[in-house]
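Contents: one structure, followed by commentary.
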Amino acid sequence: MDYIMKNECNLKEQIFNNKSTECDALKDHLNSVNSEWKRCYGETKIVLDCIQHTGKRVEGHWFCCGIKCYYFIMDNKSWNRCKQTCEDCSLSLLKTDDDDELTVLKSQLYPKTYWIGLSYDRGGKEWQWIDSGSSKL
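Going by full-length UniProt numbering, 117 is the number at position 117 of the sequence shown; the sequence numbering is gapless.
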């Protein structure tokens, strides 16, 4: 009798462990789906915000790498006009101090000309990001 109860207890413990593992896997999947939904929602919201502010759809394409997403707007404009277009669409020009990130992004660009959020401060004689931070690049 003791053997049967011990066996039953072990079986229940094994079922519990299996269910816990299954639950953890489902939680991970749900988190993944939620992250993807948030990313898609963010992309849709940006496009809609841009249409609302500018009255027209801005042509571009999305590129996601890891947890970061980038929206490339394919317009031939000056730096100031590109900055304004980004602001109209609730976006900003790229700011990065990571050479690897910049290399990956360059591989996504055609034509090979683009603007980032870096400008030259003639008074301070240095490159500055759009938020006035100095560049390490």
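Where is the CB? At the ideal position from N, CA and C, for every residue including glycine.
All of these numbers come straight from a predicted model, not from anything done at the bench.
Residue burial is scored here from C-beta neighbours: Thr-21 has fewer than 16 other C-beta atoms within 10 angstroms and is therefore classed as exposed. By the neighbour-count criterion, in which a residue is buried when 16 or more other Cβ atoms sit within 10 angstroms of its Cβ, Thr-113 is exposed. DSSP links Cys-64 through a beta bridge to Cys-69.
In this chain, Gln-84 is not harboured by any beta strand (DSSP E); it is covered by the alpha helix (DSSP H) spanning 79–88. By the neighbour-count criterion, in which a residue is buried when 16 or more other Cβ atoms sit within 10 angstroms of its Cβ, Leu-93 is buried. For Glu-126, the beta-bridge partners assigned by DSSP are Asp-121.
Comparing alpha-carbon positions, the option among Val-33, Phe-16, Gly-66 lying closest to Val-104 turns out to be Gly-66. Separation of Asn-10 and Cys-23 (C-alpha to C-alpha, rounded to the nearest whole angstrom) is 20 Å.
In the same chain as Gly-117, and ignoring 5 residues on each side of it, the C-beta atoms closer than 7 Å to its own belong to Ser-92, Leu-93, Leu-94, Lys-95, Trp-129, Ile-130, in chain order.
By the Cβ-count criterion, Cys-86 is buried, with 16 or more other Cβ atoms from all chains shown falling within 10 Å of its own Cβ. Straight-line spacing of the CA atoms in Gln-84 and Glu-101 works out to 24 Å. When the beta-carbon positions are compared, Trp-115 and Trp-62 stay at least 7 Å from each other.
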